[in-house]
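Just so we're aligned: the sequence shown equals residues 270 to 708 in this note's numbering. Heads up, the beta-carbon is just placed ideally off N, CA and C, and yes, glycines get one too.
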Amino acid sequence: MDLKSKVIIVDNFYSKVLRNSRKIFIYLPPSYEKALNKRFPTVYMHAGQRIFDPIKENDESWNVHKAADKLIKEKKIEEIIIIGIAHKRIIETNEFCHFISPDKHIRCSGLLYEKFIINELKPFIDFNYRTLRDRDNTALIGSSAGGLSTYHTGFRNPDIFGKIGLMSPFFVKVNDDDHSETKLYKKYGRKENLKIWMDIGEAEGMFLVRHVREVADNLVKIGYKYGEELVYYQDPNGAHFEKNWGERVHLPLLYFFGDIGKPQSIILDGRKIVGLKGMEVKINPIISYDSGFIMSNIDGEYIVSQPNILEIARDGTIIPKQEGTTLVTFISKGLKAAKEYKVIKELTEFVNVSITVNVPENTPENEHIYISTGMILNKVDKYRYEGNFKLPRDLACEFKFSRGFRLFEVNKDGSPINNRKFKATEDLKLNYTVENWIE
270 MDLKSKVIIV DNFYSKVLRN SRKIFIYLPP SYEKALNKRF PTVYMHAGQR IFDPIKENDE
330 SWNVHKAADK LIKEKKIEEI IIIGIAHKRI IETNEFCHFI SPDKHIRCSG LLYEKFIINE
390 LKPFIDFNYR TLRDRDNTAL IGSSAGGLST YHTGFRNPDI FGKIGLMSPF FVKVNDDDHS
450 ETKLYKKYGR KENLKIWMDI GEAEGMFLVR HVREVADNLV KIGYKYGEEL VYYQDPNGAH
510 FEKNWGERVH LPLLYFFGDI GKPQSIILDG RKIVGLKGME VKINPIISYD SGFIMSNIDG
570 EYIVSQPNIL EIARDGTIIP KQEGTTLVTF ISKGLKAAKE YKVIKELTEF VNVSITVNVP
630 ENTPENEHIY ISTGMILNKV DKYRYEGNFK LPRDLACEFK FSRGFRLFEV NKDGSPINNR
690 KFKATEDLKL NYTVENWIE
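Right, dumping it as structure tokens:
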């Protein structure tokens, strides 16, 4: 008889530190109820109400239990316990922010949330479930602002969490009006005993790739061994939704608790036309392994056939020198990949994107309409909204329109709508129609 995992729910888990209650979701691996003398590594995950099954019909979730079940069944990872910590909606305080809030009127309660996890939740889990309690067997994973929380909590408590997964971490807030930036994270200058997974998608709108890459580069600079203690993955198609995080959550689980296997192939992802003036371009070499593991390589050897046209820094930054075309070859882990690159006179850093959306009659009066990656559209007519945006060239957005927190557009019959997508490789004028709103 096949053993099956299960997810149980602890209702109204009260925190004295935070003075609130929440649900805790607990994934127990297939052999948990049979192997009574066995203890298991544990993964704590933020926004726990969205990491297993959807909390309501037609909603998105990570389905992390399915990812774990598959990895365990294929014997790619050891069995693990997963703890999903339900998130409290942001009203007056933000539990995911330790030091700086992206909203001036919202206070940071990240330090208290950290104490809740370490001093209240973890002791409860360790007492009631057969966990391996040491740092080497305890991981913390979060996405977006939960990734920011994971970053701070991990670096502040490497004696508790030996593994941290930062998925699309919200490190920097970009102001739509003037592109000014508010850094939400503390830059750590000392290496801690941590194993770190970091990723970001290229279709996450104003959650910019370079913000996450800069943190990864700094961690390498302070001593983290790339591939052993730190891995970064730049997902060419990744968007800022639970579905996308669920599609790649197997990667940090495999990195933390399994064997990533042997490298099989490399591709050189990213644009192949650069300018003598304008935007900076980095090559994104992606290595695939026989286990299904994927990672970017941010420190490799590049060979340029015509170095008078361009050079490549070890971090993949293209340094154009004169107009022309040349072949670039990347070598890593006994594999190689090649691609032709062209240098032109100029490639401006920003492009202009104009968006018009027609909305249905059930749209409330005086509403803003949001692109779910952070951009705001203003009302110009009874059923029409517009926005004009100066965006970094190549910025991609996979999104749904919304009227506020998770109030997404749906099809006319109320069923989920497929995500929309654009990529700002040049000036764009985009027109959309919203058929209905989720109730």
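Asked: For Gln533, which three-state DSSP category applies?; Found: strand
Asked: Are the beta-carbon atoms of Pro310 and Asn406 separated by less than 7 Å?; Found: yes
Asked: Which runs of the alpha helix (DSSP H) fall wholly inside the segment 505-556 and span at least 4 residues, in chain order?; Found: 511-517, 519-526
Asked: Residue range of the alpha helix (DSSP H) that Val489 falls in?; Found: 478-490
Asked: With 16 other CB atoms within 10 Å as the buried threshold, where does Lys307 fall?; Found: exposed
Asked: Pair every Cβ in the segment 643-653 with every Cβ in the segment 624-635, then say whether three or more of these pairs are closer than 8 Å.; Found: yes
Asked: Round the Cβ separation of Cys377 and Phe368 to the nearest angstrom and send it over; I've been treating them as touching at under 8 Å.; Found: 6 Å
Asked: Give me whichever residues DSSP pairs with Ile563 in a beta bridge.; Found: Ser557
Asked: Once the 5 residues before and after Val489 are set aside, which same chain residues still bring their CB inside 8 Å of it?; Found: Tyr495, Leu499, Ile567, Asp568
Asked: Which ranges would you report for the alpha helix (DSSP H) in the segment 381-440 if only whole runs of at least 4 residues count?; Found: 391-397, 414-425
Asked: Between Met467 and Glu630, what straight-line distance do the alpha-carbon atoms span, to the nearest angstrom?; Found: 42 Å
Asked: Going by DSSP, what residue range makes up the beta strand (DSSP E) through Leu616?; Found: 604-616
Asked: Alpha carbons only, please: which of Asp559, Glu516, Asp403 is nearest the one belonging to Gln533?; Found: Asp559
Asked: Express the C-alpha separation of Ile686 and Met314 in angstroms, rounding to a whole number.; Found: 27 Å
Asked: Please report the straight-line C-alpha distance between Pro554 and Ser412, rounded to a whole angstrom.; Found: 23 Å
Asked: Thinking C-beta only, is Val597 closer than 7 Å to Val573?; Found: yes
Asked: Considering only residues of the same chain and omitting the five flanking positions on each side of Glu223, which have a CB-CB separation below 8 Å?; Found: Nothing about residue 223 can be reported from this structure: the residues present for the chain run from 270 to 708 only.
Asked: Rounding to the nearest angstrom, what Cα-Cα distance links Ser286 and Ile341 in this structure?; Found: Correcting the residue identity first, residue 286 is Val in this sequence and not Ser. If you take the alpha carbons of Val286 and Ile341, they lie about 36 Å apart.
Asked: Taking just the CA atoms, how far does Tyr654 sit from Asn448?; Found: It is worth fixing the name first, because residue 448 is His in this sequence and not Asn. Looking at the two C-alpha atoms, the distance is approximately 22 Å.
Asked: Determine the burial state of Val312: buried for a count of at least 16 other Cβ atoms within 10 Å of its Cβ, exposed for fewer.; Found: buried
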